[in-house]
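Single-structure report; data block below.
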Amino acid sequence: MLAAWAMTQTQPDPVLTGFRASIDNIDAALIHILAERFRITKAVGAYKAEHALPPSDPSREEAQIARLRKLAGDAQLDPEFSEKFLRFIIEEVIRHHEQAAGGI
300 MLAAWAMTQT QPDPVLTGFR ASIDNIDAAL IHILAERFRI TKAVGAYKAE HALPPSDPSR
360 EEAQIARLRK LAGDAQLDPE FSEKFLRFII EEVIRHHEQA AGGI
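The number in my numbering is simply the position in the sequence shown, starting from 1, with 299 added.
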């Protein structure tokens, strides 16, 4: 038993290494996707500022949350988690839109 433990301490576990490599790739993809999303929402914020539109659209936000909660459930992802994540993103987008409108 001790020999097996010592062996795992000196040699990386190839299965765990493979899982971690996949997680690293997914994390990188998430960062790039979020960056692209924020590039687009910043353009939306500039458009809203130019046309004197409000920084937030509560009815759209709630519709998006409902839509993504359903998608999360279909994908076997916790809808509560997906809603928290989306609300966090929405708050940041609204902050950007307020900045574009000169509100902050």
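Glycine included, each C-beta is placed from N, C-alpha and C at the ideal position.
Classification of residue i by the beta-carbon crowding that lies within 10 angstroms, buried from 16 upward
i, result
"GLY344", "buried"
"ILE322", "exposed"
"ALA399", "buried"
Close Cβ partners of residue i (< 7 Å) along its chain, the five nearest in sequence each way excluded
i, result
"PRO378", "ARG368, ALA371, GLY372"
Within 8 Å, strictly: CB atoms of residue i and residue j
i, j, result
"HIS396", "SER358", "no"
"ILE389", "GLU360", "yes"
"VAL392", "THR316", "no"
Residues of its chain near residue i, where Cβ-Cβ distance is below 6 Å and the 5 sequence neighbours each way are ignored
i, result
"GLU382", "ILE364, ARG368"
Beta-carbon contacts of residue i that lie in its chain and below 8 Å, excluding the five residues immediately before and after
i, result
"THR309", "none"
"PHE337", "GLU391, VAL392, HIS395"
"ALA414", "Residue 414 falls outside the range modelled here, since the chain spans only 300 to 403, and no answer is possible."
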